[in-house]
Amino acid sequence: MLTAMASDHGGFRLKEELVVFVRGLGHEVQDLGCLDEGSVDYPGLGQAVAEKVSTGQVEGGILICGTGIGMSIVANKFPGVRAALVNHVYTARLAKEHNNANVLVMGGRVVGPGLACEMVRAWLTAEFQGGRHLRRLQQIEAIERRNFKG
Ligand code: RB5
Numbered sequence: 000m001l002t003a004m005a006s007d008h009g010g011f012r013l014k015e016e017l018v019v020f021v022r023g024l025g026h027e028v029q030d031l032g033c034l035d036e037g038s039v040d041y042p043g044l045g046q047a048v049a050e051k052v053s054t055g056q057v058e059g060g061i062l063i064c065g066t067g068i069g070m071s072i073v074a075n076k077f078p079g080v081r082a083a084l085v086n087h088v089y090t091a092r093l094a095k096e097h098n099n100a101n102v103l104v105m106g107g108r109v110v111g112p113g114l115a116c117e118m119v120r121a122w123l124t125a126e127f128q129g130g131r132h133l134r135r136l137q138q139i140e141a142i143e144r145r146n147f148k149g
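No gaps in the numbering here: position 134 of the sequence shown is 133 in numbering that gives the first Met the number 0, and each next residue is one more.
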């Protein structure tokens, strides 16, 4: 899978670990920043990843800020992006199986690197189950079409 990743300062250390981890699993990773622990606003970094997912330039994205909340809010503003903030391996797996999440989000001040790696592994290896879940995603797409202009 071709994946884009970004973080703000609150997620920088975890992002650095996850870039190495995801590449180690054999995936291609575009690291879109940030580049150090200096304070930086998360919306632009979230946008960088979400735009690539929304336009099909990458298959998936991983975003990390302090809590994961800000990055989730940003990413879900983009058409076709289904960003899931996860704190557990179970929710990471279900994010793909039920929600077909194409962006995984976590909080660098919330989860440790071991759990974060296992959540990423669960999300990358799980498969969307379709069926009733597809029907629900189609309902979300209809909401998006009605409410997002431009
Ligand atoms: C930055 O201090 C923090 O607000 C940010 O990383 C994130 O947690 C926002 O949702």
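Just so you know, even glycine gets a beta-carbon here, dropped at the ideal spot from N, CA and C.
Cβ neighbour criterion (16 or more within 10 Å) applied to residue i
i, result
"Ser38", "exposed"
"Thr2", "buried"
"Ala83", "buried"
"Ala115", "buried"
"Lys14", "buried"
"Ile139", "exposed"
"Gly106", "buried"
"Arg145", "exposed"
"Ala187", "No information on residue 187 is available, as it lies outside the stretch 0 to 149 that the chain covers here."
Reference residue i, options the options, closest by Cα
i, options, result
"Gln29", "Pro42, Val52, Gly10", "Val52"
"Asn101", "Val18, His8, Thr54, Arg22", "Thr54"
"Arg22", "Glu140, Leu123, Arg134", "Leu123"
"Ala5", "Val48, Asp35, Gly25", "Val48"
"Leu133", "Gly113, Gly106, Val119, Asn99", "Asn99"
"Cys33", "Arg12, Leu24, Ala91, Gly25", "Arg12"
"His26", "Tyr41, Asp40, Gly59, Asp7", "Gly59"
Residues near residue i by beta carbon distance below 7 Å, same chain, minus five either side
i, result
"Val57", "Leu1, Thr2, Ala3, Gln29, Lys51"
"Val80", "Ala49, Val52, Ser53, Ala74, Asn101, Val102"
"Phe147", "Pro78"
"Ile68", "Leu84"
Anticipated Cβ contact below 8 Å, residue i with residue j, distance rounded
i, j, result
"Ala94", "Val85", "6 Å"
"Gly65", "Gly9", "3 Å"
"Val119", "Ile61", "7 Å"
"Ala125", "Val88", "Ala125 to Val88, Cβ: 10 Å. No contact."
"Met70", "Val104", "5 Å"
"Pro112", "Glu16", "5 Å"
Close Cβ partners of residue i (< 6 Å) along its chain, the five nearest in sequence each way excluded
i, result
"Phe20", "Cys116"
"Gly45", "Leu62, Met70, Val73, Ala74"
>> Runs of 4 residues minimum, wholly inside the stretch 13–59: which ones carry the alpha helix (DSSP H) assignment?
In response: 41–53
> Of all the alpha helix (DSSP H) runs that stay within the bounds of the stretch 49–132, which reach a length of 4 or more residues?
Replying inline: 68–74, 88–96, 112–124
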